[in-house]
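What follows is one structure encoded as structure tokens, with my remarks underneath.
In UniProt numbering, the protein residues as written are 1 to 390.
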């Protein structure tokens with residue numbers, strides 16, 4: 001079996017590498033964003049607080065319908081007089097001051113049950129995603145100065161007790177940019193949540209994961225956006241906030257080495273009862289290497305010579321393509337010539353007929369002019385005598 005990759009261990013004093021640890025198998029688990037999103041959505045529902053409107057809301061008035069025949073709707077109306085409220089509609093959801101439609105009840109199904117192994121699968125996927133730099137950067141973390149992902153530091157981080165020491169340690173590890181990003185992101189929440197003890201919103205920074213805490217929680221608890229978690233009690237709400245994988249995690253060496261004992265390997269089971277670490281369907285994603293390997297090539301037959309492709313004849317329209325028409329009907333060319341000759345003969349006969357008609361009309365033109373002049377002279381003579389007036 002090939003040796004698994006190793007991860008460098010960095011010192012919080014100098015930021016230099018002091019050793020290596022073997023990459024846990026859980027860091028190579030399948031990355032399933034669909035499972036992570038589903039589990040996160042249902043886990044987040046389990047912290048909701050029940051709410052409902054008052055049972056009496058919209059019904060704290062005496063109102064009765066006026067009945068039919070008064071040219072108004074049959075909605076119950078407030079009685080009395082001397083005020084604008086009298087005669088106004090009440091109770092209905094379409095009325096001002098009435099109850100809402102389908103008033104909310106506190107016995108809604110607020111919580112969701114999630115399969116235990118499904119939650120474990122989601123946590124394993126979130127841990128594997130935290131080891132992929134592209135996913136960590138895509139989530140918005142500033143890790144351009146971090147020497148390596150996953151980031152593992154020596155166990156002296158667990159004994160820090162002062163916040164100033166924690167800030168110096170994160171700066172040595174190149175995580176100060178992500179902490180500053182979270183600190184500068186504090187904004188007043190949009191909406192009415194600002195009036196309900198949720199006044200500010202804050203981006204998430206690094207997640208510090210430890211095995212044994214010797215003051216570490218107090219050292220990091222006052223840093224904006226920075227959270228701490230024990231490796232034995234990892235929570236998907238922290239590993240994938242908002243259902244988005246790729247949380248920037250800072251591991252202590254003891255916590256990183258304990259992952260195999262908690263989640264197990266592909267050969268041995270871990271501390272979680274009835275759980276087997278999910279395995280990738282394809283352990284080697286280099287398909288070209290697999291196909292070209294000796295084992296695969298030895299059982300493949302030799303490539304056949306390229307066969308001659310018989311091109312199907314292209315169907316051409318004989319009514320538009322003269323070459324195809326002549327091949328189908330040799331008489332077509334003779335018929336076209338005969339039609340052309342007949343057309344030319346008709347054109348010649350028509351020209352002769354037009355010339356004859358025009359010559360006859362030209363010969364009759366002087367006689368018509370003389371007749372028209374004779375008529376004009378007659379009318380002029382009659383006009384002078386006074387018998388005809390124009």
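Every residue, glycine too, gets a C-beta built ideally from N, C-alpha and C. Predicted model, so just to flag it, every value in this text is computed and none were measured.
In this structure, what does DSSP give as the bridge partners for residue i?
{"i": "residue 64", "result": "77"}
{"i": "residue 227", "result": "207"}
{"i": "residue 22", "result": "6"}
{"i": "residue 17", "result": "10"}
{"i": "residue 201", "result": "187"}
{"i": "residue 89", "result": "77"}
Looking at the secondary structure, which residues open and close the beta strand (DSSP E) in which residue i lies?
{"i": "residue 318", "result": "Looking at the DSSP string, residue 318 is not in any beta strand (DSSP E), and its letter there is neither H nor E."}
How many angstroms separate the CA atom of residue i from the CA atom of residue j?
{"i": "residue 183", "j": "residue 102", "result": "43 Å"}
{"i": "residue 1", "j": "residue 234", "result": "Unreliable placement is indicated for residue 1, whose pLDDT of 35 sits below 50; no coordinate value is reported for it."}
{"i": "residue 333", "j": "residue 326", "result": "6 Å"}
{"i": "residue 120", "j": "residue 273", "result": "11 Å"}
{"i": "residue 58", "j": "residue 240", "result": "43 Å"}
{"i": "residue 34", "j": "residue 137", "result": "20 Å"}
{"i": "residue 226", "j": "residue 205", "result": "5 Å"}
{"i": "residue 376", "j": "residue 358", "result": "27 Å"}
{"i": "residue 351", "j": "residue 311", "result": "54 Å"}
{"i": "residue 140", "j": "residue 39", "result": "22 Å"}
{"i": "residue 41", "j": "residue 47", "result": "11 Å"}
{"i": "residue 299", "j": "residue 322", "result": "56 Å"}
{"i": "residue 124", "j": "residue 192", "result": "36 Å"}
{"i": "residue 79", "j": "residue 70", "result": "15 Å"}
{"i": "residue 384", "j": "residue 369", "result": "23 Å"}
{"i": "residue 150", "j": "residue 134", "result": "12 Å"}
{"i": "residue 163", "j": "residue 267", "result": "41 Å"}
{"i": "residue 148", "j": "residue 16", "result": "11 Å"}
{"i": "residue 8", "j": "residue 293", "result": "32 Å"}
{"i": "residue 374", "j": "residue 363", "result": "19 Å"}
{"i": "residue 337", "j": "residue 347", "result": "15 Å"}
{"i": "residue 177", "j": "residue 109", "result": "42 Å"}
{"i": "residue 93", "j": "residue 50", "result": "23 Å"}
{"i": "residue 345", "j": "residue 353", "result": "12 Å"}
{"i": "residue 18", "j": "residue 152", "result": "11 Å"}
{"i": "residue 179", "j": "residue 194", "result": "24 Å"}
{"i": "residue 254", "j": "residue 211", "result": "6 Å"}
{"i": "residue 6", "j": "residue 168", "result": "26 Å"}
{"i": "residue 341", "j": "residue 328", "result": "23 Å"}
{"i": "residue 196", "j": "residue 187", "result": "15 Å"}
{"i": "residue 378", "j": "residue 349", "result": "44 Å"}
{"i": "residue 252", "j": "residue 158", "result": "7 Å"}
{"i": "residue 32", "j": "residue 131", "result": "14 Å"}
{"i": "residue 296", "j": "residue 302", "result": "12 Å"}
{"i": "residue 56", "j": "residue 85", "result": "19 Å"}
{"i": "residue 154", "j": "residue 10", "result": "6 Å"}
Using 8 Å as the threshold, is the C-beta distance between residue i and residue j below it?
{"i": "residue 91", "j": "residue 98", "result": "yes"}
{"i": "residue 28", "j": "residue 280", "result": "yes"}
{"i": "residue 238", "j": "residue 224", "result": "no"}
{"i": "residue 26", "j": "residue 256", "result": "no"}
{"i": "residue 160", "j": "residue 166", "result": "yes"}
{"i": "residue 406", "j": "residue 189", "result": "Any answer about residue 406 is impossible in this case: the structure gives the chain only from 1 up to 390."}
{"i": "residue 129", "j": "residue 245", "result": "yes"}
{"i": "residue 247", "j": "residue 207", "result": "yes"}
{"i": "residue 75", "j": "residue 89", "result": "yes"}
{"i": "residue 45", "j": "residue 113", "result": "no"}
{"i": "residue 291", "j": "residue 156", "result": "no"}
{"i": "residue 250", "j": "residue 231", "result": "no"}
{"i": "residue 65", "j": "residue 77", "result": "yes"}
{"i": "residue 116", "j": "residue 243", "result": "no"}
{"i": "residue 236", "j": "residue 126", "result": "yes"}
Over what stretch of residues does the alpha helix (DSSP H) that includes residue i continue unbroken?
{"i": "residue 378", "result": "331-385"}
{"i": "residue 34", "result": "33-45"}
{"i": "residue 133", "result": "133-138"}
{"i": "residue 217", "result": "216-220"}
{"i": "residue 143", "result": "Unbroken run through residue 143: none, as it is neither H nor E."}
{"i": "residue 29", "result": "Premise fails: residue 29 is in no alpha helix (DSSP H) and is neither H nor E."}
{"i": "residue 128", "result": "116-129"}
{"i": "residue 84", "result": "That residue, residue 84, is in no alpha helix (DSSP H); it is neither H nor E in DSSP."}
{"i": "residue 234", "result": "Here residue 234 belongs to no alpha helix (DSSP H), and DSSP marks it neither H nor E."}
Go through the region 250-308 residue by residue and report every complete run of the alpha helix (DSSP H) that reaches 4 residues or more, in order.
253-263, 287-291, 294-297
Write down every uninterrupted run of the alpha helix (DSSP H) in the region 146-198 whose length is 4 residues or greater and which is fully enclosed by it, in chain order.
163-172, 176-184
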